[in-house]
Every structure is written in structure tokens, then in C-alpha cells.
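K.L.:
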Amino acid sequence: MRRRRILIFAALALGVAIIVGGLAALATGVHRTTGSHATTQTASPITTSAPTGGWRPVAPATTVPEGTPVQQQYDRGFEEGFSSPANELMLHRAETLVLPGPAITGGWPDLALSETPDGWTTEFASGLLDIDFARQSRDALGAWLVAEGAPDLMPGIPSAFSERALYVSLLAPTIIGQASPVPSPHQWRADSAAGVRWAASGLEVQLDPQWQQMIDAGWQPPDIRAAVEDISGVLTITGRRVSTTRRFSLVVQVGSAHWRNGYGTVLVSDWTVYSR
């Protein structure tokens with residue numbers, strides 16, 4: 002059976018109600034209105050509950066989309082989906098988490114800037130999945146995710162959750178009911194003791210077709226850098242005596258980075274490892 006796809010990471014990780022709201026614009030015969038969208042960048046500051054130290058937040062590259070029928074219907078679908086009782090409960094659980102401040106320590110890489118969403122997705126996936134468990138810290142991973150993250154600016158996302166989406170999706174995935182490539186603390190310690198290493202290779206990235214469908218219909222996200230990328234590759238798992246390979250896939254939502262000008266990661270989901 003084909004795995005459940007995610008149209009918009011931040012939305013659909015919280016419930017399929019968002020899909021209905023988005024695709025309804027196409028199903029009910031709303032057509033794209035001709036004319037250009039506004040592309041004015043704003044400089045609204047991003048607030049954070051994490052201690053920043055020497056880090057300073059950077060305003061995202063945003064736009065105020067033209068209020069076409071398509072734009073309004075998609076936006077309304079997202080907002081209604083996020084306000085459902087089940088999703089509000091998940092958002093509340095996520096908002097109670099205390100995130101670490103941004104830092105790149107504990108063996109995690111300082112990622113290079115990229116001018117394209119697929120370039121950033123490749124860079125981020127490699128940094129996340131190339132792990133030497135004995136030399137890299139799971140605790141430091143949390144700070145690394147905060148440092149490399151981007152706020153979720155999708156319509157209807159509460160500001161208290163927008164900066165937690167990446168951390169939750171990878172280190173507290175049970176809150177949103179998703180699988181994560183990051184092992185549990187217990188498994189991390191076991192892999193460290195066993196000298197396990199991961200390496201990702203053969204990475205292939207493409208724009209998610211459902212995201213493209215929304216853009217083609219005439220909807221525009223408020224974050225100019227927003228995109229949803231599908232990525233697949235080979236994960237090599239090496240221990241002291243044996244090495245195995247598995248194909249994997251995941252979906253990455255990107256957007257305007259919180260702590261620098263350029264791309265960052267909003268959310269990771271649909272992690273799948275194939276047996277063959």
C-alpha cells in the first residue's frame with residue numbers, strides 16, 4: 002500500500018483535515034485568477050522562547066498574497082484544519098516543550114548556505130542522517146535543529162508552535178503521530194556503545210507534486226522561500242562487524258531560516274525505511 006502522502010508538512014502532520022481544506026479549492030471548481038501576486042518583503046521580527054546568546058533572529062522573506070478566490074479558500078482550509086479540537090490539543094502539547102537555544106556543537110555540522118530549496122534539502126538531510134553515534138550528541142542535536150530551523154508561517158499556525166515544528170517532528174514525534182529517523186535516547190546509547198555509524202548517499206530531491214499542484218492552482222504561501230521537497234536515498238548502517246544498506250524516503254518542508262538570511266528547515270515527516 003502506498004504510504005500516506007503529506008501535502009503540507011506542518012499542516013498534514015497534524016491531521017488530514019488540512020488536505021480537505023486545501024484540495025477543496027480544486028474540487029469545487031475555483032479557478033486561478035489572472036494577475037500577479039504581491040511580493041513585498043516584510044521585516045517583522047520573529048520571537049523566540051529560547052535563550053539566544055550570540056544568535057540573533059532574522060526576519061523571514063514574506064509576501065502578502067493577493068486575495069484571490071483560490072488564495073482565500075486554501076488559506077481558510079488551513080486555518081480551519083489547525084483549529085480542530087484534535088489539532089489544538091497536539092499544538093498545546095508541543096507548546097509546552099522547552100527548547101534549547103540555538104547551537105552547533107556536539108559533532109553536528111555547520112551547514113553551508115544554499116540558494117535553492119532542493120540544495121538546502123540535500124544539505125540538511127545529509128547533516129541529519131550522517132551520524133557517528135559515539136561522537137555525536139543527541140542532546141546537541143536538539144540545539145542544532147533549533148539553529149538550522151525555519152518558522153512555520155502557514156496560515157493558521159500559532160506563533161507558539163511555529164518555531165517548534167522541526168524539533169517536535171524529529172525529537173518528539175509522538176505528539177504529532179509521525180515516525181522520525183532520530184533514534185530514541187535508549188537506542189542512541191545502544192548504537193553509541195556498539196560503534197554504529199550512519200551515512201546517507203545517492204540523495205534525490207524533487208518538489209512535492211501536491212505542493213506544486215497548489216502553486217499551479219494559484220495559491221501562494223506567505224513565506225517566499227516556502228517549499229515542500231520529497232527526498233530519497235540510501236542509508237548505510239555500519240557497526241563494528243557488519244554493514245547494511247536500506248533505501249529511505251522522507252519529506253522536508255523548507256522556509257526562511259530563523260537565525261540567518263537564507264533557507265532553513267520547517268519540518269520533517271513521512272520517514273520511511275524500505276526492507277528491500
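Numbered continuously in the working numbering, the sequence shown closes out at residue 277. Heads up, the beta-carbon is just placed ideally off N, CA and C, and yes, glycines get one too.
Hey, out of Pro222, Val243, Ser138, whose CA is closest to threonine 256's CA?
P.N.:
On the sequence shown, position 255 is the one that residue 256 refers to. For clarity, residue 256 is glycine in the given sequence; the question names threonine instead. Per the Cα distances, Pro222.
K.L.:
Look at the alpha carbon of serine 138 and the alpha carbon of proline 156, and state the distance between them as a whole number of angstroms.
P.N.:
Against the sequence shown, residue 138 aligns to sequence position 137. Against the sequence shown, residue 156 aligns to sequence position 155. Those two C-alpha atoms are separated by around 34 Å.
K.L.:
Taking Cβ to Cβ, would you say aspartate 224 is nearer than 9 Å to valine 252?
P.N.:
Here residue 224 is taken as the residue at index 223 of the sequence shown, counted from 1. Here residue 252 is taken as the residue at index 251 of the sequence shown, counted from 1. Going by C-beta atoms, aspartate 224 is not nearer than 9 Å to valine 252.
K.L.:
Quick check: the Cα distance between isoleucine 105 and aspartate 140, rounded to an integer number of angstroms?
P.N.:
Your numbering for residue 105 matches position 104 in the sequence shown. Your numbering for residue 140 matches position 139 in the sequence shown. Looking at the two C-alpha atoms, the distance is approximately 11 Å.
K.L.:
Rank Ile232, Ser270, Ile216, Asp231 by C-alpha distance to the C-alpha of glutamine 72 and give the top, closest one.
P.N.:
Residue numbering aside, residue 72 sits at position 71 when the sequence shown is read from its first letter. Of the candidates Ile232, Ser270, Ile216, Asp231, the one whose C-alpha sits nearest the C-alpha of glutamine 72 is Ile216.
K.L.:
Under 8 Å Cβ to Cβ from serine 276, same chain only, skipping five residues before and after it: list those, please.
P.N.:
As a first step, residue 276 is located in the sequence shown; it is residue number 275 there, counting from the start. Once the five neighbours on either side are set aside, the close Cβ partners of serine 276 are Arg247.
K.L.:
DSSP three-state label for alanine 200, please.
P.N.:
As a working mapping, residue 200 is identified with position 199 in the sequence shown. Correct three-state label for alanine 200: strand.
K.L.:
Please name the residue or residues paired with tyrosine 275 in a DSSP beta bridge.
P.N.:
As a first step, residue 275 is located in the sequence shown; it is residue number 274 there, counting from the start. Paired residue(s): none; tyrosine 275 is not in a bridge.
K.L.:
Label glycine 219 either buried or exposed according to how many other C-beta atoms from any shown protein chain fall within 10 Å of its C-beta, with 16 as the threshold for buried.
P.N.:
One-based indexing of the sequence shown puts residue 219 at position 218. Buried, since its Cβ has 16 or more Cβ neighbours within 10 Å.
K.L.:
Under the three-state reduction of DSSP, which class applies to arginine 94: helix, strand or coil?
P.N.:
Position 93 of the sequence shown holds residue 94. Helix, per DSSP.
K.L.:
Could you pull the DSSP bridge partners for serine 270 from this structure?
P.N.:
Walking along the sequence shown from the start, residue 270 turns up at place 269. Beta-bridge pairing links serine 270 to Val252.
K.L.:
Locate the alpha helix (DSSP H) running through serine 170, then write down its first and last residues.
P.N.:
By 1-based counting over the sequence shown, the position of residue 170 is 169. Run containing serine 170: 166-172, per the alpha helix (DSSP H) assignment.
K.L.:
For the alpha helix (DSSP H) holding isoleucine 216, just list the boundary residues, first then last.
P.N.:
As a working note, residue 216 is residue 215 in the sequence shown. That run of the alpha helix (DSSP H) goes 210-218.
K.L.:
Glutamate 149 and leucine 167 - do their beta-carbons sit closer together than 9 Å?
P.N.:
Here the question's residue 167 lines up with position 166 in the sequence shown. Here the question's residue 149 lines up with position 148 in the sequence shown. Against a cut-off of 9 Å, the Cβ pair of glutamate 149 and leucine 167 comes out as a contact.
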